[in-house]
Every structure is written in structure tokens, then in C-alpha cells.
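Protein chains in written order, with this note's numbering: chain A, 1499 to 1851; chain B, 1499 to 1851; chain C, 1499 to 1851; chain D, 1499 to 1851. Idealized CB from N, CA, C, for every residue including glycine.
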């Protein structure tokens, strides 16, 4: 007999990230969407009628008939995937977390000390913070977050190197896809035959400089000790639909050649607990040797959008190493990242059955 | 009475850069195109009939009727602007330089020790190398070069800082327009909804790391002492027609705050000899304060494509300073740069009347 | 002594069309902008501070310091150029028209029987409707409109043929630039690597089918007799910033070969009253013979954006003739069209001195 | 026991269409690629080393090691899928057809009287021409062709209407993807922020006007009687990677309302022989009701790229009906079309076991 699937709510289901969550959960082996929430304009209406679907095709029939619920009324689900805007997330996620496991894509609580900021392949042990979180806040549920859409690829690419040789300096330039701004997001008049050398007036760069230090930090005695790399980021928006590219130059603590890096990546594998999660890609990191790869349009969908691509690993005249990192910003970098976190919570016993 | 204009040849006139030279010389107050050269396929035919004009509008009527000449037969002109491909430039530019002043956009001789690599606002005194060049080679003409299309904007932006506080480290990421690859150049299938994280398989990066050190070097006693900055470049091709963007992070020798940089730029001006050249922009450097500028489509044409834009001057957590530099790659960065060099040679007495 | 310039207001000055009007009036020989109006959010603030300038460069210094006024308070100007949204135009343009000459780009009154819908080269005599309009409405000013941004190019291309041989059927497919939707307008996620086969849910097509019949209609005895062509339009939005392309197949009343059409265009010229207006292009219609022209990026700026390009005049297996028509949608098709109408009103004695 | 698969050759395997054939045959239940042919430059080298793969990801491992063979030496296979360029197709396809079943995507023999031009859902009975072809030419194999990449979608959309009410006039405007020109194909400088209103200097339009008349023609007594519709096409190239859009206006012989058309499409289904072919989509025609669909990026992959989308079925002020048709030009319109033809030949007993 097939066991019943775990009921899941999508908070903020009408936006671009919410739509991706719905798309990715179609035919998910563990999860079943039973609740969708939306803004005032959408409450009480069937999802399929009101959503302006921006992805390929159309919304799955199974959710098209769900009636949109308010985001501030906690529903009886085991897991809530949150694609809420920052302000709404700030207000409503704690309400849900008191009762259920919330996996949030919002930035509101990412840097809060008792909220895990998780990439399952990188720091699954940070889920232990949930015990402290529950104790301190009296919650029965939990709140975990996934990083900024650019950070997920970068932190995953840095992890094996950080563990092997330590990192001192990480200099980053990004070329980010328009889907990172949601929908309607970037006006076409701003981006056809153009690039924009800033995102969110510096706030994107602050996230890229801060979040990896928490993610690569060590969980110890109920706190996260931040990694102490010096990070610098310069971001741009480019005329690409999906797929964020990061150009990275880095200096290690203990020295790092190109051969070292290749060896480190060749031997690295994801922690055991992550390997068999339904949304885990066979290869979380794919090393490209073609000199013109990775490219967003051609490589973003590797591993069903969950693999991170690394290419052009070269020595740097200033630091130790340079490389190019690509990840699918709305799958690995947002919706898929939140779903993988939810799967991790189930595997670790913090959510579900 | 209007004085006669200086006769000019365009070598390699049918390519994208040659076309720009022709476009920019329409109505030039000093120069008159009297000779066009092209490849075997084109020799003996009227330019207007054979050229596949890739710029806006159509070729000027005044050149459409010129019969294309071979590149290996030196014509009687005062100046030759060379848009030859690298191999042809290697062969033919010395032939012309023996008799006339050659201003080349090709990379073939840029790093040759007795060939000036010039941006008139940056290192006009390097023209003095011509005396040495003439003596050593027995030429009556001269060969001067302009830098790679990305380097011109970068070196011009670095110049005031270099003079004021010295530069130790310059880290660069570029987003380069497709016109930099000429025509047909980048296939559309490679660049729609995409970026390519490499140009010329690393050679573009080598140029960006090498050429500024010569340009910012000091002419002294018949040689150029190279500037000793450590340069690192990572380049990308983006779906933009014209306008190269560079994200720069730099460390000075003597310390540099954002306020310092703004003050340095505010007081900087081009050397006297350059200011009144016909193609000199009123402002060689334009400092933008809008947080989302400069942008290629909106700012590349400032100063008729000859001004370089600088924006987002910010401190850097790793180095001293970060900024965004934009320049029009086929005007300032190629055809216009070569023309400005030709004007400098006239002003300095090395070419023309 | 230089005569004083005519004071002009821009209604709805902060949108994309309002910005174009401001850009095009910089250094205008007759007109001087003295009043800008905007929405509630903008009233009382200096234009330069609040506008999100979407064109190249920055707003002219001369208008940057003007304080934005409400659109519902009529100012003391000779001419008001209206870039108001449809609803606001409906409400406010009559208020202004009671006192001053309003040249509107809005669609609200285009098909109203006593409001001229004018392209100066096509139907300047329709200005005579103003006499009837003033009488009927008791206005001292006037209200004239310019057509939809696609219609201007199409109607101008049809005019010489219509006069020469009559038109029975006109079948049109358009590829329209994103700037036609204003700013923010078309989301980039909808148009990168994509086209959208509809604009305004059919309303754009209705305008294209209706407006040319009024424009090509005959003014007679205080009314316009509509032209009786059968028009069919299918529109698309394409990833182009500026420049609407129309593919046209047409059947004449009296027969029309390719040679006929070429002869008709060769001998056509704009009416006398229009030829010397400041914004009149030297060639309102430019006939291209290159088989791949006209193209939006390469030909939209011909005649400073006021020339309409026609290419690929060919016979049609179904109708008489096929051709491709291109016009700059925000210059000739909107802001420049309204300004040219204002100039016509001055020349015809309906506005100004 | 699994039965052995049918050996297949790809002729012209290195180009964009050849690559698609390879991609689509990965894991095909009936066919196994055993031979790849290419141009002189490529013969004797492993495919994986020499191909410049322009699709997503990389070539399947199973073909990467195949050594490229010459196109003029017939190999021992049951089926040859030809992606040869026109001239090579003209020369070599008959050589192969003498021995094996050739399914060609080339235009060389499409209009030849004894060569079937087939869309399996439209005119599978045309395969009977093979009997005549074999008799006349003494071939043991066969040569069948699939239509031009734009024609496949158009002819499939017309078929149900043609059968039901007859067609008199079909007027077509296309917006075609750059992949239709192969690789390198359309230079990015020609198509960023631009459209080109011509393809192959009129030849594309001739194909669109001619091929549907053969496809919709009747096989009778060893000949095809052409359908007698009057067709007119105007084509454009647009900045889209994959997916050709056609705007169609049509006049039927016996009258056709929107309701008629919807009813005709609702009741139409593919012929029995086609329904269970491995590459047959569940729905060859998908009718869209959303007013802004179909769109190339969002709908081209429906039915794994083999479904044709129809939208905006509306009445026409000139003809009976207008609609928008979209199909994936390199899958349904080229590689997938050839494969589906090969499957039809197997099902009809003209190839394979």
C-alpha cells in the first residue's frame, strides 16, 4: 500500500518562486500540496483562475482548483514552504513556525542567530539549531531558511575548498538572471541590449558578502561561529531568463593550486543524509572542462536545475584561484533549495511523519 | 580659404571596425578618406557595392564609390588607420609605416617595445618612442597602436588614481558586447538568453592584464618602464550590441578612500595637447552618481561614444575601492581610439601637414 | 533679435512618452517647455529629482528644475502636448482645450467625430475640424490627436497608394517594440527569447483597423467621410526596444503593380505646409532596396526618428502588393508625432503667436 | 528478450539539425544510431571530439565515440536520417536511397513529383508514392522528405480545416527563430534589439507558399494532385532561439466561423497509423484559449516539442478566420519530423525489420 504523502502549504503561491515550488512538487514522492496562500486580492479564488503563470506550460491540474487562503491563518500541514515577500515573511512565518516546519526562501530571518540558513549539501548539521530555536521560542514547528539565489551556488562551490584549505579572500562578480527579481520584476526596457550594474541598491551585494560566512560557519554548542573569509561582491543584472553566473577569485589560507582544486572537487561528495533525498541531484557539483562553459542557457538545467556548475578553474595573478560558477537561480537558488531543505527536515526527523 | 584636408587610408575597411572608422570620419575637419583597402575578394570593386554594412543607416556617399585597393601596396597618404586582422596587420603595417603614419587597432605590435601603445588622454608622451622607432627601423612614417577594446576604458579610469596614489592590485570582471568580436562574430544561438564566460580562450584576459601596465608605464630614455600593478581579469560575452562594462576592485599603494577617489576624478583633466583634438570628448571621464549607472545602452554614446563612464565608486571589503567602468567598445575602444591617436600624431608633429 | 519662443506644457511628463517629448524639445527653435504636469505622487517636486529617466543620458538641465504641476489645473501656455494615460486624458484634455491648443498622444478622443486625428504629411486639412470643434464646444483652444504608434507608419505608407489607386484590402501583421507599452511596461520575463502574439487583448488591433480609415478619410463640410478599406491586423510584441515593423499585403481598387508603387512613391511629396516645419524629416518616406531592410535597430533613427521606412515592395499571390513598413514608435509614432502636430497648428494659425 | 533495435545513420550529423536528431534518438525504443556522416574536415575523427555541440548539455556518450564517416559512402543501415545541406543532399541522398530508407530534412527533393513530402498526421498515405519511386528508379530503399521548418506547423494547423471546408486563401506572416538558420547561422549583431524582415532572400517564402499545396494534395493513381489554395507569406527572423510563430488569416471555400473552427479542431484526431508511433505527441494540435498564447519560449516544448500550438482563433474582417500557430522548428519542424517520418515508414512496412 502506498503511504499517504506529507501535506504541504505554499505560502505566497502566486509569485514567481511560489509557482516554481508548485511546478517542482508536481509528482513529488513525499509531498502533496494541500494549501496555497496569497495576498488579499487572491484569497477565496481558485488558484488556476487568478495566477498569471510565468513558467512554461500551465499550472498542474492538481493545484489549479485549490482555493487560495490567507497567509496569516495557519493551516494544518506538516510543512510550509514560504515564498512570501520579505515584509510578509517577517510577520507571518513565526506564526506558522509555532505549529509547523517552515522552509523559507525569504531573506527576513536568514541572519537571525537561532534560524538555520541551510544548503543541505553544505551544512546539514545546522538543523540542530532547531532544538535551541524550539526551546527559546516555545515553538512546536521550526523555521529554516535557504540562502539568497546567488549565494547557493557560490557557497556550494566554496564548501569543498573551505574545508580542505581554508578561505581568506573571496572576490565575486555576478551576472544575474532577470527571474531573480520575480514577476513583473525587471522591465524589458531596462535590459534589452543592456545590463544593469546593481541589484536592490547594494543589498544584494551585502547578502552575498554575509550569508556564506554563516553557511560555512560551525555549529557548536547552540551557536554558529561565522566563517571569517573576507568577501567582496559586485553584481549585475543581465538579459538572461534563468541562471546566475558568478566569477570568483579566491585566496586560501593554506595555499591552493589548480591541481589541488581539481583533486578536492573530484573527491568531494555530499553528506550521507543528503544523498538520497528526492530532490538531490546525482552530482551537486559538476566540473566543466570546456573552456566556454558553464553557460546559463545550456547548463542551468543540469541535474534538473539542482546541480551547480563550475568551470574555468584557473590560477589567479592576484589570489590563488579563479573560477566560474553557475546555478539555476529559481530552482537550486530558490524553490528547489527550499524543497530540499524540507526533505532534509523530514530525513532529520524535524518534520513530517 | 578652406585648407585641404589630410589624406587618410583605411586598411581593412570592410570589417566592423573599418566601417566605424569610415562612419566616424564622415565630416571630419582634418581628415579625408582617399584610400580603402580590403581582402582579395574585395579588391577592385566599389566599396558601396561590396560592403555588408552592419552599422545604422548606410555607408557615406563619399566613400561608397572608392575602389577597394590591396592592403599590401602602400598608397600615398599621410595617415593609415589600420583595422586589419592580426595576421594581416603583422605583415602589412610595417610596409605602410616605412612611409606613412600608421595608427593601428590590431593587437599585433601593441606590446612591441618600440611601438607606442597610446590613449591620448593617458600617455601622449609615449609618442616620443616614434623617434627611436624611426631611427632603429629606418622608417619615415611611424606605427602607433591603441589598446584592446576593454583596456581603453579601464586604463583611462585607472590613470588619475595611478598618478595620485599608485596602484598595487586591480581585479577586473568584464561584460563585453558582441560587436567586440566583429562581424559575423558571435552567433546568435550562443548569446540569446545566455552569456559566455570566456573570450578568445583566455587571450582577451591576457591583454587586459598586460596592456594597462605598458600604457601607465613611464617613457624615459627611449624605453617604457612598465607599471607594476598586479592585474587579474575574468571576461564574459553578454547579449549587448555595443558597450563594454568592467567591474573593478583595486588596491592602491598609498591608500585610497571613496572621498579621495571622487576628489581625484573631480580635479583631473586631460593633458593640454589632447583637449582640442577634433575627436576629444568634452569629458573623457564622466562620473555617475545614479546607483544603477552606467549602463551600456543608455551611456555608451556619451561624448559621441568617446567618453568613458565611471559609476558606483564604493569602498571594498578586500581592497580599497570598487567601481563600474563603461566605454563604447567600437568607438572609444577601437575606431575612435585609432582616430584620436591619428589626431594626436598630427598635433605632435608626427603626421600630416 | 531672437523672437521669444512659444510656451508649451507637457501633460503627463514623467512617463516614457512624456520623456521623449522633453528630449525632442531640447533646443527646439519654436517651443519652450514652461510647464510639466504629473500624477499626485510627483506634484510639487522638481522633475529632475523624481523622474525615472528611461531614455539615453539624462533629462535636459533646462527642465530638471521645473516643479511638477497637477494635470487638472490649466496653465497659461500656448500649447499643451499630452502624454496622459487614457483615463486622465479623457478627464483633463477638454479642460485644457477650452483655453489652449492640445496635441494629444492619448487614444481617448482619436475617433471622436469633431476631433482631428492627424499625421501632418497625410491629412493636414483635417485641422479645419477645429473651427467646428470650437463652435460646438465653445472652446478658445483646440484638441487634436495623433494616431496609435503603429498606425502612423502604416497610414503614411498607405497614403500615396490610396490617393493614386484607391485601397480595398489591407492586411497587416506587426512586430512591435516594447517601448510601445511605456515604462515599466513589458516584463523582461515575458519577452526574452520570446514573442507575445497579442497587445492589450485585441484593442491594439482594433485601433490599427479603425484609425487609418479616419486619417485617410476626406474632410468635407465639417465632417470626415471615412475611407472604406477593409483592414485586418494581427499584432505581436517582440524583443526590440524601439521601432514597430508592419508586414502589409494590400489590394487596390484600380490595380497596382510593383512598378506602379515604386513610381507613386518616387513622385510623392509631403504637402507644402508641412515641408518646412522644424520636426519634418527631409524624407517622410524612405524606400529601401536592400532585400533585408528596413530593420528596427538600423533604420528607426533615419530622419531623426521621423522618417518612415518602406522595403521589400513585392507582388502578392493573393492581393496586389506586399511590403514592410518600419517607424520609430516613440518618436514618429508618439512624441514626435504630437510635436509635429503642434507645429502644424502653429503654421495653420490655430496655435502660438 | 529485448528485440534488437533498427540501425540508423545520421547524414550530416555535425550541424544543428543533425545534433537534434542525435539528441532525440537517445533512448529511442526502435532506433539505434550506428553511423554518423560528416564533411571532409570531420571524417575519421570521434564525433564527441569534433562536434561543436550547440544544444543544452553534451552529446550522449553512446554516440560520442562513433567515428565520423563520409556522406558519399553508403553504409549498411536500415534507415538514414538526412540533415545534409541542400547541395550535399542533392548529390548523396539518391545514393543512399538506392539501398536504404532515407528520411530527409533537406529541401532538395521536397517538390520532386515521385518523392513524398510527409507530415505523418497529415498525409501518411503519400508513402504509397514509394512504390512508384522504387519502380521508376530501381531503388530498393526510398526517399521521403519532411517540409520546411515553418511549413510543418502551418500545414498541420490547416489540415483539419482543409478537409472540413476547403481553403481558398491563406495569408501568413512568420516570426522565425534563429535556430532555423543552423549554426553559426544568424550573427548576433544582426538580431539583438532587431528583427530581419527576410530569410534566404525570398526563398523561405516560396517554400511556405508551395509546400503546403503538395502536403494537402491528394495521392491518386501514382501522382499527387496539388491543393489549389492561394498562399502568400511574409517572413521575419526574430531574437528567439527556438519556436516559429505564424500569424495566419484564411478564407475557406465553404465558409468557416470561429465556432466551426473550434468544433473541427475538437473532433480532429491523427490517422490511426500515426497515433502510437514512439515520437507521436499525445496531442498533435493543442488549442490555446489564453489570449496571449501560444508563445515560443513557454509553449515550444509542449508534447516534447512535437505538438503544434494554435491560439487566438478569431474572425477576420477580410477573410474568414485568423489564428496564431507555433511549432518547435528544430524538433517538430526538422529533426523530430524526420524521425516521425522514419517511424511511419517502419509502421507502413517500407523500412526496418
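Please give me, in chain order, every unbroken run of the beta strand (DSSP E) with length at least 3 that falls completely inside the stretch 1500-1568 of chain C. For the stretch 1500-1568 of chain C, whole beta strand (DSSP E) runs of length 3 or above, ordered along the chain, are 1504-1509 and 1529-1536.
Residue 1815 of chain B at chain A interface by Cβ criterion, 8 angstroms: Walking along the second chain from the start, residue 1815 of chain B turns up at place 317. Yes, contact with chain A.
Worksheet item: Does DSSP put residue 1814 of chain C in a helix, in a strand, or in coil?
Response: Taking the third chain and counting its residues from 1, the one referred to as residue 1814 of chain C is at position 316. Three-state DSSP puts residue 1814 of chain C in coil, outside helix and strand.
* Asked: Taking 8 angstroms as the CB-CB cut-off, is residue 1855 of chain C touching chain B?
  -> Residue 1855 of chain C is absent from the structure shown; chain C starts at 1499 and stops at 1851.
At 3 residues or longer, and completely inside the stretch 1686-1711 of chain A: list those beta strand (DSSP E) runs for me, N to C. Correct list: empty.
query: Between the C-alpha atoms of residue 1713 of chain A and residue 1625 of chain A, what's the straight-line distance to the nearest angstrom?
result: For the purposes of this step, residue 1713 of chain A is taken as the residue at position 215 of the first chain. For the purposes of this step, residue 1625 of chain A is taken as the residue at position 127 of the first chain. Rounded to the nearest angstrom, the two C-alpha atoms are 11 angstroms apart.
Specify the secondary structure class of residue 1874 of chain B as computed by DSSP and reduced to three states.
Here chain B covers residues 1499 to 1851 and nothing more, so residue 1874 of chain B does not appear.
query: What beta strand (DSSP E) runs, 3 residues minimum, are completely inside the stretch 1762-1838 of chain B?
result: Taking only runs of at least 3 residues, the beta strand (DSSP E) segments lying wholly in the stretch 1762-1838 of chain B are 1783-1785, 1806-1813 and 1819-1825.
Taking the alpha-carbon positions, what's the residue 1740 of chain A to residue 1693 of chain B distance? Locating residue 1740 of chain A in the first chain gives position 242, where the first residue counts as 1. Locating residue 1693 of chain B in the second chain gives position 195, where the first residue counts as 1. The alpha-carbon atoms of residue 1740 of chain A and residue 1693 of chain B are separated by roughly 11 angstroms.
Taking 8 angstroms as the threshold (beta carbon to beta carbon), is residue 1734 of chain A in contact with chain B?
For this step, residue 1734 of chain A is matched to residue 236 along the first chain. Interface residue, yes.
* Is residue 1681 of chain D close to chain B, meaning its C-beta is less than 8 angstroms from at least one C-beta of that chain? -> The residue you call residue 1681 of chain D lines up with position 183 of the fourth chain. The beta-carbon of residue 1681 of chain D is placed less than 8 angstroms from the nearest beta-carbon of chain B.
To the nearest angstrom, how far is the alpha carbon of residue 1510 of chain A from that of residue 1543 of chain A?
On the first chain, residue 1510 of chain A is found 12 positions in, with the first residue counted as 1. On the first chain, residue 1543 of chain A is found 45 positions in, with the first residue counted as 1. Each residue's Cα considered, the two are about 14 angstroms apart.
Please determine, among D/1599, D/1616 and D/1652, the residue with the shortest C-alpha to C-alpha distance to residue 1637 of chain D.
By one-based count along the fourth chain, residue 1637 of chain D stands at place 139. Of D/1599, D/1616 and D/1652, the residue nearest in Cα terms is D/1599.
Exercise. Along chain D, which residues have their Cβ under 9 angstroms away from the Cβ of residue 1799 of chain A?
Worked result: In the first chain, the residue the question calls residue 1799 of chain A occupies position 301. Residues of chain D passing the Cβ test: 1554 and 1555.
Practice task
Would you mind working out which of D/1641, D/1730, D/1586 and D/1582 sits nearest residue 1610 of chain D, comparing C-alpha positions?
Solution key: By one-based count along the fourth chain, residue 1610 of chain D stands at place 112. The shortest C-alpha to C-alpha distance from residue 1610 of chain D to any of D/1641, D/1730, D/1586 and D/1582 is the one to D/1641.
Where residue 1767 of chain A falls, given that 16 or more other Cβ within 10 Å makes a residue buried: Here residue 1767 of chain A corresponds to residue number 269 of the first chain, with the count starting at 1. Exposed, since its Cβ has fewer than 16 Cβ neighbours within 10 Å.
ask   = So which residues on chain D does residue 1743 of chain B lean against when the C-beta distance must stay under 9 angstroms?
value = Taking the first residue of the second chain as 1, we reach residue 1743 of chain B at position 245. Within chain D, no C-beta atom comes less than 9 angstroms from the C-beta of residue 1743 of chain B; the nearest is roughly 15 angstroms away.
query: Where residue 1831 of chain D and residue 1695 of chain B are concerned, what is the direct C-alpha to C-alpha distance, given to the nearest angstrom?
result: One-based indexing of the fourth chain puts residue 1831 of chain D at position 333. One-based indexing of the second chain puts residue 1695 of chain B at position 197. Between residue 1831 of chain D and residue 1695 of chain B, the C-alpha separation is close to 31 angstroms.
_Coil, strand or helix - residue 1679 of chain D by DSSP_ = By 1-based counting over the fourth chain, the position of residue 1679 of chain D is 181. If DSSP states are grouped into helix, strand and coil, residue 1679 of chain D belongs with the helices.
Interface residues of chain B around residue 1830 of chain C at Cβ under 8 angstroms? Here residue 1830 of chain C corresponds to residue number 332 of the third chain, with the count starting at 1. Contact annotation for residue 1830 of chain C against chain B: no contact, minimum CB-CB distance about 16 angstroms [criterion: below 8 angstroms].
Work out the CA separation of residue 1711 of chain A and residue 1779 of chain B for me, nearest whole Å.
Position 281 of the second chain, counted from the start, is the residue given in the question as residue 1779 of chain B. Position 213 of the first chain, counted from the start, is the residue given in the question as residue 1711 of chain A. Their Cα atoms are separated by approximately 45 angstroms.
Sort B/1589, B/1616 and B/1564 by Cα distance to residue 1570 of chain B and report the nearest one.
If you number the second chain from 1, residue 1570 of chain B lands on position 72. It is B/1589 whose Cα lies nearest to the Cα of residue 1570 of chain B.
Beta-carbon proximity list for residue 1729 of chain B, same chain, < 6 angstroms, skipping 5 on both sides: On the second chain, residue 1729 of chain B is found 231 positions in, with the first residue counted as 1. Counting only residues of its own chain and dropping the five nearest sequence neighbours on each side, residue 1729 of chain B has a CB closer than 6 angstroms to the CB of 1668 and 1707.
- request: Answer with yes or no whether the minimum CB distance from residue 1543 of chain D to chain A is below 8 angstroms.
  value: Position 45 of the fourth chain holds residue 1543 of chain D. Not closer than 8 angstroms to any Cβ of chain A, the Cβ of residue 1543 of chain D fails to qualify, so no.
query = Could one say the Cβ of residue 1686 of chain A lies closer than 8 angstroms to chain C's Cβ atoms, at least one of them?
reply = Position 188 of the first chain, counted from the first residue, corresponds to residue 1686 of chain A. For residue 1686 of chain A, the nearest CB of chain C lies under 8 angstroms from its own CB, placing it at the interface with that chain.
- Outcome for residue 1557 of chain D when other beta-carbon atoms lying within 10 angstroms are tallied against a minimum of 16: One-based indexing of the fourth chain puts residue 1557 of chain D at position 59. Classification for residue 1557 of chain D: buried.
Q.
Along the chain, where does the alpha helix (DSSP H) containing residue 1648 of chain C start, and where does it finish?
A. Looking up residue 1648 of chain C in the third chain gives position 150. Note, residue 1648 of chain C: alpha helix (DSSP H), 1647-1663.
message: For a cutoff of 8 angstroms on Cβ pairs, would you count residue 1644 of chain B as touching chain A?
response: Here residue 1644 of chain B corresponds to residue number 146 of the second chain, with the count starting at 1. So no, residue 1644 of chain B is outside the interface.
Practice item. Return yes when at least one heavy atom of the ligand COA lies under 7 angstroms from the C-beta of residue 1756 of chain B, else no. Key: Judged by which ligands are present, the structure shown has none, so any question about the ligand COA falls away.
query: Can you name the residues that DSSP bridges to residue 1632 of chain B?
result: Indexing the second chain from 1 puts residue 1632 of chain B at position 134. None; residue 1632 of chain B has no bridge partner.
*asked:* Do residue 1762 of chain A and residue 1659 of chain A have their beta-carbon atoms positioned less than 8 angstroms apart in this structure?
replied: Taking the first chain and counting its residues from 1, the one referred to as residue 1659 of chain A is at position 161. Taking the first chain and counting its residues from 1, the one referred to as residue 1762 of chain A is at position 264. Yes; because the gap between Cβ atoms is below 8 angstroms, this pair is in contact.
### residue 1607 of chain B (DSSP reduced to helix, strand or coil)
For the purposes of this step, residue 1607 of chain B is taken as the residue at position 109 of the second chain. Looking at residue 1607 of chain B - three-state DSSP - the assignment turns out to be coil, as it is neither helix nor strand.
**Residue burial classification, residue 1499 of chain A (beta-carbon count within 10 angstroms, cutoff 16)** = If you number the first chain from 1, residue 1499 of chain A lands on position 1. At residue 1499 of chain A the pLDDT is 40, less than 50, meaning the model places this residue with poor confidence; the figure from the coordinates comes in the next sentence. When all chains shown are included, residue 1499 of chain A counts as exposed.
* Counting only beta-carbon atoms, is residue 1707 of chain D nearer than 8 angstroms to chain C? -> Residue numbering aside, residue 1707 of chain D sits at position 209 when the fourth chain is read from its first letter. For residue 1707 of chain D, a Cβ of chain C is located within less than 8 angstroms of the residue's own Cβ.
In whole angstroms, what separates the C-alpha of residue 1671 of chain C from that of residue 1725 of chain D? As a first step, residue 1671 of chain C is located in the third chain; it is residue number 173 there, counting from the start. As a first step, residue 1725 of chain D is located in the fourth chain; it is residue number 227 there, counting from the start. Their backbone Cα atoms lie some 25 angstroms apart in a straight line.
Exercise for review: Could you tell me how far apart the beta carbons of residue 1813 of chain D and residue 1756 of chain D are, in whole angstroms, since I believe they sit closer than 8 angstroms?
Suggested key: Position 315 of the fourth chain, counted from the start, is the residue given in the question as residue 1813 of chain D. Position 258 of the fourth chain, counted from the start, is the residue given in the question as residue 1756 of chain D. Contact holds; Cβ gap of about 6 angstroms.
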